[in-house]
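Number of protein chains: 2
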Amino acid sequence: MSGARQRTRPAVIGDVAQLAGVSNQTVSRVLNDHPNVRSDTRDRVLDAIRQLNYRPNLMARGLVRQRSHLIGVVSFDTVLFGPASTLVGIGRASRDHGYGVTIVTPESSDRSSIADAMATIAGQAVAGVVMVFPSRAASATALVSLPEGVPLVAVEADEDIVTSVHIDQAAGARMAVEHLLYLGHETVWHVSGPRDRLDAQARVDGWRATLEAAGRVAPPVIAGDWSAESGYQAGLELAERPGVSAVFAANDHMALGLLRAFHERGIRVPEEVSVIGFDDIPEAGYFIPPLTTVRPDHEEVGRRAVASLVSLVDGQGAADPAAHEWVMPTLIRRTSTATPPR
Amino acid sequence: MSGARQRTRPAVIGDVAQLAGVSNQTVSRVLNDHPNVRSDTRDRVLDAIRQLNYRPNLMARGLVRQRSHLIGVVSFDTVLFGPASTLVGIGRASRDHGYGVTIVTPESSDRSSIADAMATIAGQAVAGVVMVFPSRAASATALVSLPEGVPLVAVEADEDIVTSVHIDQAAGARMAVEHLLYLGHETVWHVSGPRDRLDAQARVDGWRATLEAAGRVAPPVIAGDWSAESGYQAGLELAERPGVSAVFAANDHMALGLLRAFHERGIRVPEEVSVIGFDDIPEAGYFIPPLTTVRPDHEEVGRRAVASLVSLVDGQGAADPAAHEWVMPTLIRRTSTATPPR
DNA sequence: CCGAGCGCTGTTAACGTTAACATGGTGAGG
DNA sequence: CCTCACCATGTTAACGTTAACAGCGCTCGG
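Residue numbers (this note's numbering), protein chains in the order written: chain A, -14 to 327; chain B, -14 to 327.
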């Protein structure tokens, strides 16, 4: 048909206004659910929107509102099970709250990388920031390098500085240790995560506190770094020591390394040594033997972090800028733990 | 000091211009590396930028340029090792190219979820979209539900529709099978990934083609779903069959399940059955026994996908809207494979 | 019957940036 | 010495949206 030019450019608010026979501002009011619009006008506008398949340009909206529709996520170790799961929770919750998610992964966890990541995030004019599994220094650095007025929620962060959501690491560690003590072990060894990680430290503290509460002597911590390799090395070390009957690994990957080291040294699990992990990765039930472990709900943590952030952004949470939430883990019993050898 | 009001609002281009004693446009020219700026002017501007810690507002820039600084990523199964690694590569490469990343994870992989995810992405005015590990139907759906002019690059997508970057799955499968044939196995069984996944299918095809090229009979495919559980079930099934001497699992998690099933049935690996995996997850070296596997470079795939997308966005790749790239995996030999029993 | 107030809509001016065009100066070639 | 070209910079006008204010007509109370 002559004159029937194909519109190549997506519709803008003016096109909608014209088609509906109203002003731009009225369309804007409909879009933003302002009260004072007559309902037949509203219907006409909504009709025009559908007809033109109009979607508001979020950059223009963000520009004038001085706030974007994006939540910035700063995440470390995104291939690991915990952070990855948390990210899933964050993604779902953000969508439910009407926000997009933009992710940046710092090169390393030193201050300058983090400041850099924050600057990148800030440049995207995010409404708020969620930080996933920061190291000890990270949350403080993040706070100072973020522009005024951009709220920050951290997952597993240093407690007093910033709003945060945590797995109740100490409770999880307690479950693990109490389970082993209940089975009759005299004490429990611990292979920890990296020293500069707060979640790792919380597991160490929980482990030690539980042993001491039971009047047991806490053996020295064997330091790992989350990797199966470090668990393996720890296992070789523990295999040399007499009297080791139970080991609590700070995550399942290190527990896997332990199992392998004990197997290699001919030490049977659980008959001679009990091993318990943390995380309940999907594979944990298929280790040899199937791993008893503590299951934290990482997704829930992500969801709650976003919920907190959104309420902070909307200014409703302003009263309490450093609130804390805890998510309780559960113990998953499999066959890598048993009563100690006679 | 009286009068020394703290600036609460971040610096804008006008502040920089004023401090440097030039016009906004000159600052803009410096920011965008335009040639015609005298070098001492440039230095003064750069100085002012540093001094004010100025960062351009990406929403304003995107608005006037009619194109955003964001790459949209649609990803499935983000907790899995492969997709998660690819995401890391995408993140790094995007940053290097000066783009941000916004992620959306569809609820499921059916058409409406994908269309929905695309609408979400489109609403964020992304410059282009990377789709990670879509199912067979996904890339087609994605293409039609994306606004005109927004390029799409897929990782492991159906070949002819869309630009894509792939792991050379067939080559990886060939390496695995040839390794086992070389060791002297008569044939190789295969535990596959989900049927609707293209990467899984490519591994099946490569496995079958290699066996046939060697004049061997390909046994029936045992269908899995990537999970250790499905590998375990497959292992129980294979344990019942006589004459199984070598199994190629389509990923390491299923291989773990196989190892566990064989262990449970008293079948020794590798003495009685050889097992090979795919992915080389960081834990694979700590399975019992350490897993021989094929290592694909997922990060590289992510990086290349972004590179392709960026060239498409910049219009330089317009000549070839459906190019394909392949990334070659490598074989990692450990001790889960050996010569067949006598 | 008049004025105040309110419900609905429109007009104008931002938000921060860059594209397009304008301007003034400097150097080279005739 | 004049002109043309080009380099360096400035000025103006967008991009698409919403906030702030203005105005119109109606209702309701005195």
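Using N, Cα and C, we set each Cβ at its ideal position, and we do this for glycine too. Just so we're clear, the structure is a prediction, and the values are computed from it rather than from any experiment.
- Taking 7 Å as the cut-off, the Cβ atoms of residue 235 of chain A and residue 188 of chain A count as close.
- With respect to the C-alpha of residue 173 of chain A, the residue from A/216, A/128, A/228 having the closest C-alpha is A/228.
- Here the C-alpha atom of residue 68 of chain B lies approximately 36 Å from the C-alpha atom of residue 252 of chain A.
- In the three-state reduction of the DSSP assignment, residue 315 of chain A falls in the strand class, which pools E and B.
- Taking the C-beta atoms as reference points, residue 37 of chain A is found nearer than 7 Å to residue -4 of chain A.
- Using a CB distance cut-off of 7 Å, residue 40 of chain B counts as an interface residue toward chain A.
- Two segments are said to touch when three or more pairs of C-beta atoms, one from each, lie closer than 8 Å; by this definition the segment 52 to 69 of chain A touches the segment 109 to 119 of chain A.
- Taking a Cβ-Cβ cut-off of 9 Å, the neighbours of residue -5 of chain B in chain A comprise 107, 132, 133, given in sequence order.
- Along the segment 25 to 89 of chain A, the alpha helix (DSSP H) occurs as fully enclosed runs of 4 or more residues at 43 to 50, 66 to 81, listed in sequence order.
- Residues of chain A with a Cβ closer than 8 Å to the Cβ of residue 66 of chain B are, in chain order, 64.
- Going by beta carbons, residue 140 of chain B and residue 71 of chain B fall inside the 7 Å limit.
- Distance from the CA atom of residue 240 of chain A to the CA atom of residue 261 of chain A, rounded to whole angstroms, is 7 Å.
- DSSP places residue 195 of chain A inside the alpha helix (DSSP H), whose first and last residues are 183 to 198.
- Spanning the alpha carbons of residue 32 of chain A and residue 19 of chain A requires a straight line of approximately 17 Å.
- According to DSSP, residue 120 of chain B shares a beta bridge with B/182.
- Restricting attention to A/61, A/98, A/124, A/237, the CA atom closest to the CA of residue 277 of chain A is found in A/237.
- For residue 153 of chain A, the closest C-alpha among the options A/61, A/288, A/283, A/16 is that of A/283.
- Residues of the segment 110 to 131 of chain A with a C-beta atom less than 7 Å from some C-beta of chain B are 110, listed in chain order.
- Between residue 279 of chain A and residue 285 of chain A, the alpha-carbon positions lie close to 15 Å from each other.
- Contact annotation: in the segment 65 to 96 of chain A, residues whose CB is within less than 8 Å of a CB in chain B are 66, 69, 70, 72, 73, 76, 77, 80, 85, 86, 87, 88, 89, 90.
- Judged by DSSP secondary structure, residue 232 of chain A falls within the beta strand (DSSP E) whose first and last residues are 231 to 234.
- Near chain B, meaning a CB-to-CB distance below 7 Å, no residue of the segment 135 to 148 of chain A qualifies.
- Among the residues facing chain B, residue 167 of chain A is not included, as its CB has no counterpart in that chain under 7 Å away.
- In the structure shown, residue 152 of chain B adopts extended strand secondary structure according to DSSP, grouped into three states.
- Our two residues, residue 315 of chain A and residue 160 of chain A, have alpha carbons roughly 8 Å apart in a direct line.
- The beta-carbon of residue 44 of chain A is placed less than 7 Å from the nearest beta-carbon of chain B.
- Just measuring C-alpha positions, the residue of A/123, A/163, A/102 sitting nearest residue 193 of chain A is A/163.
- Contact between residue 87 of chain B and residue 87 of chain A holds, with the beta-carbon distance rounding to 5 Å and staying under 8 Å.
- What residue 31 of chain B touches in chain A, judged by beta-carbon distance under 7 Å, is nothing: the nearest beta carbon there is about 16 Å away.
- At a cut-off of 7 Å between beta-carbon atoms, residue 100 of chain A makes no contact with chain B.
- With fewer than 16 other CB atoms across the displayed protein chains lying within 10 angstroms of its CB, residue 205 of chain A is exposed.
- As computed with DSSP, residue 310 of chain A is found in a beta bridge with A/150.
- Between residue 166 of chain A and residue 259 of chain A the beta-carbon gap is near 11 Å, outside 8 Å, which marks them as no contact.
- Annotation: residue 21 of chain B to residue 2 of chain B spans about 17 Å, alpha carbon to alpha carbon.
- At a beta-carbon threshold of 9 Å, the residues of chain B lying near residue 244 of chain A are 271, 273, ordered along the chain.
- No residue range can be given for residue 273 of chain B, since it is assigned to no alpha helix (DSSP H) and is classified by DSSP as neither H nor E.
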